[in-house]
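Chains as they are written, first to last, in this note's numbering: chain A, 3 to 65; chain B, 54 to 342.
Shown next as structure tokens:
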């Protein structure tokens with residue numbers, strides 16, 4: 003049985019000072035970026051919101 | 054000379070879906086004398102004529118996906134990005150698709166609405182229609198709404214450069230207007246986006262949107278444009294839309310044709326971001342993440 007293929011697209015700009023700028027952030031990419039830097043509160047919130055609406059799962063510590 | 058009937062919108066129709074269906078038909082007719090945006094071209098897009106946006110009658114799109122990069126109160130959102138725009142911002146992050154209304158795929162309202170409904174069932178909080186600039190594809194946007202449940206929370210992500218004709222058709226269609234206020238003066242708008250009379254038009258749209266729906270104003274900080282663009286935007290918002298939600302975005306990156314402008318070669322510095330925050334505090338803006 004053929005599975006439906008879902009393509010998601012996020013663009014990243016990684017700066018020399020370590021900052022990462024993101025365009026069209028998707029949930030999977032938010033999870034990755036949150037994992038790379040759990041101290042980024044805003045990214046944590048973005049990742050958490052999507053998961054909370056789907057499953058109630060907490061994926062990062064509360065700040 | 055092309056004559057089109059004046060816009061007459063029935064007030065008797067009660068549901069948003071039904072109203073959108075009615076307006077979509079009207080909007081398509083108005084493509085024969087297009088005045089959707091403030092360029093006021095008046096071209097017959099149904100006959101193959103092009104205005105400044107270069108868009109024809111058949112809309113196309115370049116993205117449909119659930120995203121979490123917008124305002125926290127709106128995400129996750131099912132974002133639908135329509136190709137083409139009436140502005141020509143050299144720093145456009147989606148310049149390839151926004152400057153080319155023929156980019157992407159054919160827009161089928163029923164098919165996109167099906168995906169949107171699926172996204173809503175699977176956790177998306179809102180549906181966002183954006184571009185490019187969706188105003189130039191008003192018939193398609195209305196056709197999409199006609200296929201969506203009335204309960205869906207709809208976001209109109211716009212450059213706030215629409216004309217009265219479009220606003221009348223949009224009245225009551227979207228729960229939230231997420232509107233850009235990019236430039237604080239007409240000189241920067243002309244130089245960076247090849248547009249005239251920018252500030253007056255955007256102010257007119259923001260005031261209108263604030264009366265008709267929930268409004269969130271976005272400003273993308275640009276390097277070297279804190280004093281000339283952000284500061285006057287902040288000052289005007291404080292005076293004319295006190296308490297309006299403002300999203301100050303500092304993630305500028307030198308995309309598309311930014312290299313045409315020496316100050317847009319890099320990103321916004323930490324010093325500039327700090328200064329911009331100070332300005333927001335000074336004017337007591339209601340910043341949201």
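Where is the CB? At the ideal position from N, CA and C, for every residue including glycine.
Interface residues of chain A around residue 311 (chain B) at Cβ under 7 Å?
-> For this step, residue 311 (chain B) is matched to residue 258 along the second chain. Going along chain A, no residue has its Cβ under 7 Å from residue 311 (chain B), so there is no contact; the nearest lies around 12 Å.
Nearest chain B C-beta to residue 50 (chain A) closer than 7 Å, yes or no?
-> The sequence position of residue 50 (chain A) within the first chain is 48, counting from 1. So no, residue 50 (chain A) is outside the interface.
Count the other CB atoms within 10 Å of the CB of residue 68 (chain B); is the residue buried (16 or more) or exposed (fewer)?
-> Taking the second chain and counting its residues from 1, one reaches residue 68 (chain B) at position 15. Looking at its Cβ environment, which holds fewer than 16 other Cβ atoms inside 10 Å, residue 68 (chain B) is exposed.
Compare the C-alpha of residue 284 (chain B) against each of B:238, B:124, B:120 and B:305 and name the closest.
-> Here the question's residue 284 (chain B) lines up with position 231 in the second chain. The residue with the shortest Cα to Cα distance from residue 284 (chain B) is B:238.
For the putative contact between residue 222 (chain B) and residue 80 (chain B), defined by C-beta atoms under 8 Å, what is the C-beta separation to the nearest angstrom?
-> Within the second chain, numbered from 1, the residue matching residue 222 (chain B) stands at position 169. Within the second chain, numbered from 1, the residue matching residue 80 (chain B) stands at position 27. With 8 Å as the limit, residue 222 (chain B) and residue 80 (chain B) qualify as a contact, their Cβ atoms being about 5 Å apart.
Provide the residue(s) that pair with residue 272 (chain B) in DSSP beta bridges, ordered along the chain.
-> If you number the second chain from 1, residue 272 (chain B) lands on position 219. Paired residue(s): B:301.
Take residue 95 (chain B) and list the residues in its own chain whose beta-carbon comes closer than 7 Å to its own, dropping the five residues that flank it on each side.
-> Within the second chain, the letter at position 42 stands for residue 95 (chain B). The answer, listed in chain order, is 86, 87 and 88.
Would residue 342 (chain B) be called buried (16 or more neighbouring beta carbons within 10 Å of its own) or exposed?
-> As a working note, residue 342 (chain B) is residue 289 in the second chain. By the 10 Å Cβ count, residue 342 (chain B) comes out exposed.
Counting Cβ pairs, one atom from each stretch, are 3 or more of them under 8 Å apart for the stretch 240-251 of chain B and the stretch 185-204 of chain B?
-> no
Span separating the alpha-carbon of residue 286 (chain B) from that of residue 305 (chain B) | In the second chain, residue 286 (chain B) corresponds to position 233, counting from 1. In the second chain, residue 305 (chain B) corresponds to position 252, counting from 1. Computed Cα separation, rounded: 17 Å.
Unbroken stretches of the beta strand (DSSP E), 3 residues or longer, contained in the stretch 183-227 of chain B | 207-211
Just the Cα atoms here: how many angstroms apart are residue 176 (chain B) and residue 120 (chain B)?
-> For the purposes of this step, residue 176 (chain B) is taken as the residue at position 123 of the second chain. For the purposes of this step, residue 120 (chain B) is taken as the residue at position 67 of the second chain. Computed Cα separation, rounded: 11 Å.
Tell me, please, whether the stretch 145-154 of chain B touches the stretch 208-227 of chain B by the rule of three or more beta-carbon pairs shorter than 8 Å.
-> no
Residues of its chain near residue 54 (chain B), where Cβ-Cβ distance is below 7 Å and the 5 sequence neighbours each way are ignored = On the second chain, position 1 is the one that residue 54 (chain B) refers to. Low local confidence applies: a pLDDT of 45 at residue 54 (chain B) is under 50, so the model's placement there is unreliable, with the coordinate-based value given in what follows. If we look at residue 54 (chain B) and ignore the five residues flanking it on each side, it has no Cβ neighbours.
Please report the residue range of the alpha helix (DSSP H) in which residue 337 (chain B) lies.
-> On the second chain, position 284 is the one that residue 337 (chain B) refers to. Note, residue 337 (chain B): premise wrong, no alpha helix (DSSP H); not H, not E.
Top-ranked residue by Cα proximity to residue 225 (chain B), from B:261, B:125 and B:255 = Translated into positions along the second chain, residue 225 (chain B) becomes position 172. Taking only the C-alpha atoms, the option nearest residue 225 (chain B) is B:261.
Interface flag, residue 125 (chain B) vs chain A, CB-CB below 7 Å = As a first step, residue 125 (chain B) is located in the second chain; it is residue number 72 there, counting from the start. By this cut-off, residue 125 (chain B) is an interface position.
Taking the CB atoms as reference points, tell me whether residue 35 (chain A) and residue 118 (chain B) lie closer together than 7 Å.
-> Mapped onto the first chain, residue 35 (chain A) falls at position 33. Mapped onto the second chain, residue 118 (chain B) falls at position 65. Not in contact: residue 35 (chain A) and residue 118 (chain B) (Cβ atoms no closer than 7 Å).
Are the stretch 148-161 of chain B and the stretch 125-140 of chain B touching, with three or more C-beta to C-beta distances below 8 Å?
-> yes
Per DSSP, which residues does residue 90 (chain B) bridge with? Please list them.
-> As a working note, residue 90 (chain B) is residue 37 in the second chain. Its beta-bridge partners are B:215.
How far does the beta strand (DSSP E) with residue 132 (chain B) in it reach, from first residue to last?
-> Taking the first residue of the second chain as position 1, residue 132 (chain B) is located at position 79. Here the beta strand (DSSP E) through residue 132 (chain B) covers 130-135.
Within 9 Å of chain A by C-beta, residues of the stretch 181-192 of chain B in sequence order | none
Thinking just about the alpha-carbon of each residue, which of A:38, A:22 and A:30 is nearest to the one in residue 53 (chain A)?
-> Within the first chain, numbered from 1, the residue matching residue 53 (chain A) stands at position 51. Nearest option by C-alpha distance: A:30.
Between residue 102 (chain B) and residue 291 (chain B), what straight-line distance do the alpha-carbon atoms span, to the nearest angstrom?
-> By one-based count along the second chain, residue 102 (chain B) stands at place 49. By one-based count along the second chain, residue 291 (chain B) stands at place 238. Spanning the two alpha carbons is a distance of roughly 41 Å.
Tell me which same chain residues have a C-beta within less than 8 Å of the C-beta of residue 93 (chain B), skipping the five on either side of it?
-> Position 40 of the second chain, counted from the first residue, corresponds to residue 93 (chain B). 216, listed in sequence order.
Please check if any C-beta of chain A sits within less than 7 Å of the C-beta of residue 67 (chain B).
-> The residue you call residue 67 (chain B) lines up with position 14 of the second chain. So, not an interface residue.
Mind pulling the chain A residues with CB within less than 8 Å of residue 116 (chain B)?
-> Residue 116 (chain B) sits at position 63 when you count from the first residue of the second chain. Within 8 Å Cβ-Cβ: 11 and 26.
Please say whether residue 269 (chain B) and residue 231 (chain B) have beta carbons closer to each other than 7 Å?
-> Here residue 231 (chain B) refers to the residue found at position 178 of the second chain. Here residue 269 (chain B) refers to the residue found at position 216 of the second chain. The answer is yes: Cβ separation under 7 Å.
Could you work out which residues of chain A lie near residue 120 (chain B), taking near to mean beta carbons separated by less than 7 Å?
-> As a working note, residue 120 (chain B) is residue 67 in the second chain. Correct list: 26, 27 and 28.
So, is residue 149 (chain B) buried or exposed, given that buried needs 16 or more other C-beta atoms within 10 angstroms?
-> Taking the second chain and counting its residues from 1, one reaches residue 149 (chain B) at position 96. Residue 149 (chain B) comes out exposed.
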